Amino acid sequence: MIATTYVTPAILALASFNAVTGAAIDAINTPEVIPGPGLPSLKELGLTSAVLYKIGRPDSSVKESSGDGSVKTSSIQARFEPRCGPTDYAYVNVNDVIACYNYLKALGNQNCVAPSGLGIAHFCYAGAAEVTGQSLNPSGSSSYCHHVADAVLWSVDHCTRGDQSVAGFQAATGNGDLIVGSTSKQYIGSK
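Position 51 of the sequence shown, counting from 1, maps to 42 under this note's numbering, and the rest follow consecutively.
Structural data, given as structure tokens:
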């Protein structure tokens, strides 16, 4: 009986230490997800980088509503031919790109805007990855962020290599003039 009294606090202390260090290790090992300029913070959405990474890869074989009455499909009508790459330098860990996908999907009907004059919009950074947008329209263009996420998912589904790296470009499902890049930050020139 006496041994049990002294063992129980010791076991609880070890269990608490394990839980705290386990959470701390997760936080250290999870790259930070950083929203692009003008987009809501993770805190505003009630999200953390760890949560966005833990959600993982979506099952794109399941058709899901995009929130505006349309249904996501792999056939995106646009004046843009989607492509992978274009160089090895553009490829980045697919899990970083998926974390950005999860962030952009969580934004729902928030507008993701690409500037005029062929400027590049920076929608999300995660680890070594970046999701960008560029308008084919010289006046700029926008699409719901969940449509931008659909374009990211196309790259994940069609451009992921055996080493689990990905790089690709696809038009946003809601606006064929908005081209979404899922690449390394270095390829775009971000730090």
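Note that the Cβ used here is the ideal one computed from N, Cα and C, for glycine as well. Just so we're clear, the structure is a prediction, and the values are computed from it rather than from any experiment.
6 Å CB neighbourhood of residue i in its chain, flanking five on each side removed
i	result
serine 7	Confidence in serine 7 is poor, its pLDDT being 45 and thus under 50, which makes the residue's placement unreliable; the coordinate value appears in the next sentence. There are no such residues.
alanine 163	Ser134, His138, Val139, Ala142, Leu169 and Val171
proline 49	none
lysine 96	His137 and Ala140
For residue i, the nearest candidate out of the options (CA to CA)
i	options	result
leucine 169	Pro129, Ser181 and Ser156	Pro129
glutamate 202	Ala140, Ala163, Leu98 and Ile111	The question about residue 202 has no answer, for the chain in this structure spans -8 to 182.
proline 26	His149, Cys91, Ala41 and Pro49	Cys91
leucine 33	Tyr116, Thr78 and Gly47	Tyr116
proline 31	Phe114, Asp87, Asn86 and Val88	Phe114
arginine 74	Ser156, Cys150 and Gln155	Cys150
tyrosine 94	Ser51, Arg152, Leu38 and Tyr178	Leu38
Close-in-space but distant-in-sequence residues of the same chain around residue i (CB under 8 Å, 5 per side omitted)
i	result
serine 175	Tyr80, Ala81, Tyr82, Val83, Ala119, Ala120, Glu121 and Ala158
Presumed contact (8 Å Cβ cut-off) between residue i and residue j, rounded CB distance
i	j	result
threonine 123	alanine 140	In fact, because the Cβ distance is near 13 Å, the residues do not count as touching under 8 Å.
phenylalanine 71	glycine 167	6 Å
serine 146	glutamine 161	6 Å
proline 22	serine 40	7 Å
Own chain, CB closer than 7 Å to residue i, minus 5 neighbours either side, in chain order
i	result
glycine 58	Residue placement at glycine 58 is flagged as unreliable, the pLDDT there being 48, under the threshold of 50; the coordinate-derived value follows with that caveat. Excluding positions up to five away in sequence, the list reads Gly99, Asn100 and His137.
serine 132	Ala105, Ser126, Asn166, Asp168 and Leu169
glycine 108	Pro129
Residue span of the beta strand (DSSP E) that contains residue i, given as start and end
i	result
glutamate 121	120 to 126
asparagine 100	Per DSSP, asparagine 100 belongs to no beta strand (DSSP E) and is neither H nor E.
Cβ of residue i within 9 Å of any chain B Cβ
i	result
proline 31	Going by chain labels, chain B is absent from the structure shown, which holds only one protein chain.
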